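**Student:** Chains as they are written, first to last, in this note's numbering: chain A, 49 to 636; chain B, 51 to 645. Let me begin by handing over the structure; questions about it come next.
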Amino acid sequence: MATLIIDGQEVHAEEGQTVLEVARANGFEIPTLCYHPQLEPYGACRLCIVEVIRRGRSRLETSCTYPARDGLVIKTKSPPVIEARAVILGLLLSRCPNVPVIQELALEYGITEPPFPVEDPEEKCILCGLCVRTCHELVKADVLNFSQRGIERRVGPPFLEKTRQCIGCGACTIVCPTGAIEIVLEQAGIYKEKPLGPTAAIWVPSLQAVPRVPVIDTDACIRFRQNDRTEGEIADACGVCQMVCEAGAINFDQQDEVVEVDVGTVIVATGFQMWDPAQLSQYSYGKSPNIITGMEFEHLSNAGGITSGEILLADGRKPEQVAIIHCVGSRDHNAHEYCSRICCMYSLKQAHLVRDKTDAAVYEFYMDMRAFGKGYEEFYERVQEEGVVMIRGRGAEVEVLPDGKLRVKGEDANLGRLVYVDVDMVVLSTAIEAPHDANQVAALFGLSRSVDGFFAEAHPKMRPVETNTGGVFLAGAAQAPKDVPDTVAHAGAAASMALALMDQGEVTISPAVAVVDEELCSGCKTCISLCPYTAISFIEEDNVARVNEALCKGCGTCVAACPAGAIEALHFTDEQIVAQIEGVLAWV
Amino acid sequence: MAERHRADLLISCLHGRYPELIPTLQEEIERRGLTGEVGVVEAGCRGLCAMGPVMLIKPGGLFYTNVQPADVPELVEETLIKGRAVERLAYKEPVTHQSVCYYEDIPFYSKQVRHVMHDCGMIDPQSIEEYIAVGGYQALSKALTTMTPKEIIEEVKKSGLRGRGGAGFSTGWKWEATRQSAGDVRYAIANGDEGDPGAFMNRSLMEGDPHAIIEGMVIGAYAIGNVRNAYIYVRDEYPLAVSNLNIALEQAREYGLLGEDILGTGFDLDIKVVRGAGAFVCGESSALMQSVEGKVGEPRPKHYHATERGLWGQPTALNNVETWANIPLIINKGAEWFASFGTENSKGTKTFCLAGQIQNTGLIEVPMGITLREVIYDIGGGIPGGRELKAVQTGGPSGGCIPASLLDLPVDYDSLVEAGSMMGSGGMIVMDDRTCMVDIARYFLEFLKEESCGKCSPCREGIRAMLEILTRITEGQGKMADLETLETLAKTVQTASLCGLGKSAPNPVISTLRHFRDEYVAHIEDKKCPAGVCKALIEYYIIEDKCLGCGLCRRKCPQGAISGEKKEVHVIDPALCIKCGICRDVCKFDAVGVR
């Protein structure tokens, strides 16, 4: 343990610490631009210089690289330090006069104007090398490096050309202190479901969930992507999250696991997914960062989100006009014909939030206002009173104007003519739809699906939570679009149905089930794929099909299909049916 | 073994000008039936660049300058057959114009003390036998067989040898620190990355006497201990140095002087030549080591000395090639002998390159403490054209300018630093009264702007800013406040930069501001360049009294800016004049003036 004196105060340092680390740990402020705790010290920006007095000799040294040796006397704010920092900041401001970080730092040292102006005021890179070192030390992609010397020095990939070595991780854009690096997405994809575009690979998918647990997106995580790309050759890429996590909660080796549980009943509550508005080009989704979906608006407006709940445009400005377009993908013959039911009310809520948090004018393009629930109509009236402009008619097209403004065109059915409005932000109230893997879930439980893709209930009026498969129930939007109160009610009903069944302990099944005559069965497996209830399984050792009587609903599909005539439906044997037909015909 | 001849002709300083000189000589010797009697050797640098190619005939010491292929028949006939000197080819004393035929009598050489360069130009650098014949590798054998590593270090410490790369750190102490740093693997490196414009001491040494460097390194490696690999870092612009060093290394290996079990003592060492790509900053120790490691040659912070954590993080002794070449001398002749040359704190001799406005441009070796006056006037032969000395720039681009008033300054590490310059690796640029000191500062900063690696902001941006101010001043746009800004900038670049390049980059500005502030003021306040260099501030005119109307300037003027009838006074049209200075150079009557 070393003891140092920083600005007259005695502080202790651990083995291997630098002066900067010790100073910051003890609350001394030292400005830095090229320092990052997870990277090797570099000593390039020289802003962190301090006066180091050692063995009676005073020198200016960069605190980020200087080892905290015993007996050092450090001055972080002595006149030579302040003077040198001011000159360096003047030089950096001259290089990058329009970079806010530099402007602010320079201002702290009393510099408002670049003292040595350069020709290109748009330069943003201060050559701190954070990106280069991140790419080399953490990402291990080694894409970025310096080229040229002196004032001509540049950062970039080899020969400043596009390279396949770049994995597009974006780590360089995140560490860059001046915003000099931009990632151009050639394939939108990995960031699609993230709130408001590119972000770190660790994110909190549900901002208000308890506990609020972040996840690592292995498709975006540098470590996993480098690992996949090099087939494990670079297994030690990045790992910064592990280094900084004080709880030691990060484990890269954790794998998805399959848990098998024996249950008596199953409630399918697989919910919905948001429809992708890029499928209809007239909404220009993806062409401007200020065209967002209702779900993205929720992330933006959330107090735990990236703007801490402020409603801002992509460039950080407050919007002055916002348009909300209803029925995007719903009630549309080119997308979903059904009404998604929830959009009208959440659109109204979002209109209310915009009015509440900003001074922006709000335009709602709606076809019909479906305020069907308790208190909903009253809320609609309140929102109208808040000054939201209601335009009855589908928002037909969004055009991105050259100045970045967005023009929303539509028909005002009440006026009977075409209208348009220029706004800063467009919120698309997108449809909800059945999850893309609903067919797999359906096959697993033997469920049928209605035309709209949602799981079909046993009877639309009489049995709204049951399915045709015994013991399997539906809850919430897996069955059809629902708002929260409806979902809760539906789920409650499903739960009581399931409990009632389990409380019985055993079930009475219909005696009309199929049986296989194993003498006749040739083991062709035709029946297995046909059974809608997955009730037939193939017994390998006996080379025959066998029906699970608890699952069989006696529909007769297998009976009719069996080429060997080996399956019979009990109580509906050929003989019995023929006898019934004869009996009926006897009346004729 | 080398053949024995009646006479050997040692040719130096060809500078690639007469590639046919040696073949012509050999043909002539064959034609005259002297084959086997007379040998022709292309030897290393003799230092007298201005008069190359030069020829030294051994034995005897006849010395010819400016030898051209056309001189060969006469030379062979007169000297080799008849035994007479060809006076026409002898060295001419620049002031008295007397011919000096013998090597020892030439003042350029007689005033020098050539220790390190002693064999340079005297032996064939590609022959280890010749090096051994003049006493080479004796020191190695002495050190390895009769001295302990500690004794060697003590001897080097006692000699007072300081680093010849410029910083002047005690070599013995450096070795001792390296030896005392814990490490199973240690390294030794010779820095031959000489990058200063106008400096070629290291190049001449590596080309002319490579074995001396190798011998010094083997001794050093043995003394430091645990050194099994050593490197000689040479810039690739020195192809002859690279090839001569490689030949020498191969020969040393063959003779058991390098490699495993050197001289049967069980000591192993191999030396490799590492070629640098020629970045000036790679002469800086940490950047050099980065470059040896195969990385971009960029300095790294040096809170740990290289003797502790150097190449690949191991203790490393990095010395200039000239420092290494001094080692065999110290071992052979002893520390007392070595210390008998030089001053209290700067011992031994040092090589310098004389360049600029001086008669005998070339390479010299003098004892430390010699005055600038002796160097410039006695050895260098003074300023051409009888002009006045204005300043001497030492220490390369990042050194400083010493004014003529300090001509009696002793040349040693500490005096030079005191005068605002530095020893550097030994460049010495002599400037006469036609040199503008503001322009000189601008020129060196221009060089440093190109050569700054660009890693740290004070050096990269600070040099640019200083250069812009200087350029402004030379263009007549300067303000008095600029001088203060220059001083502030210079101070920050000096104190806050990462490496030696940045820390010394403001030296040209600081030293010229200190010694020649009035020139800056003349540029700014009077809008005049006293030396007549800065084009924006000068005007060429014809001095009426002197112009005879010969018309030479009129014919040579590229712009047609001069008019005048024959035998009448000519006139320069300032509107057309581009201030190229050709008229002034060609006028035989000094009738073109600058104001």
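Ideal Cβ positions, reconstructed from N, Cα and C, are used throughout, including at glycine. Values in this document were obtained by computation on a predicted structure and should not be read as measured data.
1) Following a CB-centred definition, is B/VAL619 positioned closer than 6 Å to any heavy atom of the ligand SAM?
2) Does A/LEU140 get closer than 7 Å to chain B when you measure Cβ to Cβ?
3) Checking contacts by CB at 7 Å: is A/PRO243 closer than that to chain B?
4) Taking just the CA atoms, how far does A/CYS569 sit from A/PHE586?
5) By alpha-carbon positions, which one of B/LEU60, B/ALA302, B/HIS147, B/GLU500 ends up nearest to B/ASP318?
6) Ends of the beta strand (DSSP E) at B/ILE592?
7) What residue does the alpha helix (DSSP H) around A/MET473 start on, and which one ends it?
8) Got a sec? Which residues, its chain only, sit under 6 Å from B/PRO109 by beta carbon, not counting five neighbours each side?
9) So, is the C-beta of A/TYR239 closer than 7 Å to a C-beta in chain B?
10) Please return the same chain residues whose Cβ sits closer than 6 Å to the Cβ of A/GLY604, not counting the five positions on each side in sequence.
11) Does B/SER507 get closer than 7 Å to chain A when you measure Cβ to Cβ?
12) Counting only runs that start and end within the segment 537-610 of chain B, where is the alpha helix (DSSP H) found for 4 or more residues in a row?
13) Pull up the CB-CB distance for A/ARG379 and A/LYS530, whole angstroms please, since I reckon it's below 8 Å.
14) Check whether the Cβ of A/PRO246 lies closer than 7 Å to any Cβ atom in chain B.
15) Alpha carbon to alpha carbon, what distance is there between B/VAL583 and B/GLY432?
16) Compare the Cα-Cα distances from B/GLY392 to each of B/ALA280, B/SER209, B/PRO73, B/GLU244 and report the closest residue.
17) A/THR226 versus chain B: which residues are under 9 Å apart at the beta carbon?
18) A/ALA419 to A/MET343, Cα distance in whole Å?
19) Could you check which residue in A/LEU454, A/ARG181, A/TYR581, A/PRO225 has the C-alpha nearest to that of A/GLY334?
20) With a threshold of 8 Å on Cβ separation, who are the neighbours of B/GLY347 within its own chain once the five nearest residues in sequence on each side are excluded?
21) Taking Cβ positions, are A/ASP265 and A/ALA249 nearer each other than 7 Å?
22) For a cutoff of 7 Å on Cβ pairs, would you count B/ARG514 as touching chain A?
23) Which of the three DSSP states is assigned to A/ALA399 in this structure?
24) For A/ILE238, which three-state DSSP category applies?
25) Is it right to say B/GLU226 is buried, meaning 16 or more other beta carbons lie within 10 angstroms of its own, or is it exposed?
26) By the 7 Å beta-carbon criterion, what residues does the segment 533-551 of chain B contribute toward chain A?
27) Verify the CB distance criterion: does B/LYS208 have a CB-CB separation below 7 Å to chain A?
28) On a Cα-Cα basis, can you pick out the residue from B/PRO289, B/LEU112, B/LEU139 that is closest to B/VAL122?
29) Could you give the DSSP three-state label for B/LYS440: helix, strand or coil?
30) Using a beta-carbon distance cut-off of less than 8 Å, what residues from the segment 101-135 of chain A approach chain B?
31) Taking Cβ-Cβ distances below 7 Å as the criterion, which residues of the segment 235-261 of chain B are in contact with chain A?
32) Where A/ALA562 and A/ASP590 are concerned, what is the direct C-alpha to C-alpha distance, given to the nearest angstrom?
33) May I ask you to list the residues that DSSP assigns as paired with A/ILE54?
34) Between the C-alpha atoms of A/ASP374 and A/LEU208, what's the straight-line distance to the nearest angstrom?
35) Return helix, strand or coil for B/MET51, following the three-state DSSP convention.
36) Give the DSSP-derived three-state secondary structure of B/PRO260 in the structure shown.
**Tutor:** A quick look at the data gives this:
1) Annotation note on the ligand SAM: not contained in the displayed structure, which lists no ligands.
2) Taking the first residue of the first sequence as position 1, residue 140 of chain A is located at position 92. Closer than 7 Å to some Cβ of chain B, the Cβ of A/LEU140 qualifies, so yes.
3) Mapped onto the first sequence, residue 243 of chain A falls at position 195. With a pLDDT of only 42 at A/PRO243, under the threshold of 50, the placement of this residue in the model should not be trusted; the figure read from the coordinates follows. Taking Cβ atoms only, chain B never reaches closer than 7 Å to A/PRO243, which makes this a no.
4) On the first sequence, position 538 is the one that residue 586 of chain A refers to. On the first sequence, position 521 is the one that residue 569 of chain A refers to. Going from the Cα of A/PHE586 to the Cα of A/CYS569 covers about 11 Å.
5) Numbered from 1 along the second sequence, position 268 holds the residue referred to as residue 318 of chain B. When only C-alpha atoms are compared, the closest one is B/ALA302.
6) Taking the second sequence and counting its residues from 1, the one referred to as residue 592 of chain B is at position 542. Unbroken beta strand (DSSP E) run through B/ILE592: 590-592.
7) The count along the first sequence starts at 1 and reaches residue 473 of chain A at position 425. From DSSP, A/MET473 is part of no alpha helix (DSSP H) but of the beta strand (DSSP E) over 473-478.
8) To locate residue 109 of chain B, count along the second sequence from 1; it is residue 59. The answer is none, since no qualifying residue turns up.
9) For the purposes of this step, residue 239 of chain A is identified with residue 191 of the first sequence, where counting begins at 1. Low local confidence applies: a pLDDT of 37 at A/TYR239 is under 50, so the model's placement there is unreliable, with the coordinate-based value given in what follows. It does not; no Cβ of chain B falls within 7 Å.
10) Indexing the first sequence from 1 puts residue 604 of chain A at position 556. Around A/GLY604: ALA617.
11) In the second sequence, residue 507 of chain B corresponds to position 457, counting from 1. Interface residue (Cβ-Cβ distance to chain A less than 7 Å): B/SER507 is classified as such.
12) 550-554, 557-565, 567-574, 602-606
13) Walking along the first sequence from the start, residue 379 of chain A turns up at place 331. Walking along the first sequence from the start, residue 530 of chain A turns up at place 482. About 17 Å separates the two Cβ atoms, so there is no contact after all.
14) Sequence index remark: in the first sequence, residue 246 of chain A carries index 198 (1-based). Summary for A/PRO246: the model assigns pLDDT 45, below 50, so the residue's position carries little reliability, and this model does not support an answer.
15) If you number the second sequence from 1, residue 432 of chain B lands on position 382. If you number the second sequence from 1, residue 583 of chain B lands on position 533. Going by the C-alpha atoms only, they are around 22 Å apart.
16) Sequence index remark: in the second sequence, residue 392 of chain B carries index 342 (1-based). That would be B/SER209, whose Cα lies nearest to the Cα of B/GLY392.
17) Residue mapping note: residue 226 of chain A aligns to position 178 of the first sequence, counting from 1. Chain B residues near A/THR226: none, gap ~13 Å exceeds 9 Å.
18) Stepping through the first sequence from its first residue, residue 419 of chain A is reached at position 371. Stepping through the first sequence from its first residue, residue 343 of chain A is reached at position 295. Cα atoms of A/ALA419 and A/MET343: separation of roughly 20 Å, rounded to the nearest angstrom.
19) Sequence index remark: in the first sequence, residue 334 of chain A carries index 286 (1-based). Measuring from the Cα of A/GLY334, the nearest candidate turns out to be A/LEU454.
20) To locate residue 347 of chain B, count along the second sequence from 1; it is residue 297. Answer for B/GLY347: GLY326, ALA327, ALA329, VAL331, CYS332, ALA337, LEU338, GLN340, SER341, CYS503, listed in chain order.
21) Counting from 1 along the first sequence, the entry for residue 265 of chain A is found at position 217. Counting from 1 along the first sequence, the entry for residue 249 of chain A is found at position 201. Cβ atoms of A/ASP265 and A/ALA249: closer than 7 Å.
22) Counting from one through the second sequence, the residue named residue 514 of chain B turns up at place 464. Chain A contact via Cβ: present.
23) For the purposes of this step, residue 399 of chain A is taken as residue 351 along the first sequence, with counting starting at 1. Of the three classes helix, strand and coil, the one that applies to A/ALA399 here is helix, per DSSP.
24) Against the first sequence, residue 238 of chain A aligns to sequence position 190. With a pLDDT of 38 at A/ILE238, under the threshold of 50, the modelled position of that residue is not reliable, and no figure is offered here.
25) The residue you call residue 226 of chain B lines up with position 176 of the second sequence. With 16 or more other Cβ atoms within 10 Å, it is buried.
26) Per Cβ criterion, the list reads THR538, LEU539, THR542, THR545, ALA546, LEU548.
27) Position 158 of the second sequence, counted from the first residue, corresponds to residue 208 of chain B. No, no contact with chain A.
28) Residue numbering aside, residue 122 of chain B sits at position 72 when the second sequence is read from its first letter. Per the Cα distances, B/LEU139.
29) Locating residue 440 of chain B in the second sequence gives position 390, where the first residue counts as 1. Strand, per DSSP.
30) ARG107, LEU108, GLU109, THR110, THR113, TYR114, PRO115, PRO128, GLU131, ALA132, VAL135
31) none
32) As a working note, residue 562 of chain A is residue 514 in the first sequence. As a working note, residue 590 of chain A is residue 542 in the first sequence. So the alpha carbons of these two residues sit roughly 18 Å apart.
33) The residue you call residue 54 of chain A lines up with position 6 of the first sequence. DSSP lists A/GLN57, A/ILE122 as partners of A/ILE54.
34) Taking the first residue of the first sequence as 1, we reach residue 374 of chain A at position 326. Taking the first residue of the first sequence as 1, we reach residue 208 of chain A at position 160. Reading the sequence as shown, one finds His at residue 374 of chain A and not Asp. Each residue's CA atom was taken as its position, placing A/HIS374 and A/LEU208 some 46 Å apart.
35) As a working mapping, residue 51 of chain B is identified with position 1 in the second sequence. In this prediction, B/MET51 has a pLDDT of 37, which is less than 50 and means its spatial position is unreliable; what the coordinates show is noted afterwards. Reduced to three states, the DSSP call for B/MET51 is coil.
36) Stepping through the second sequence from its first residue, residue 260 of chain B is reached at position 210. If DSSP states are grouped into helix, strand and coil, B/PRO260 belongs with the helices.
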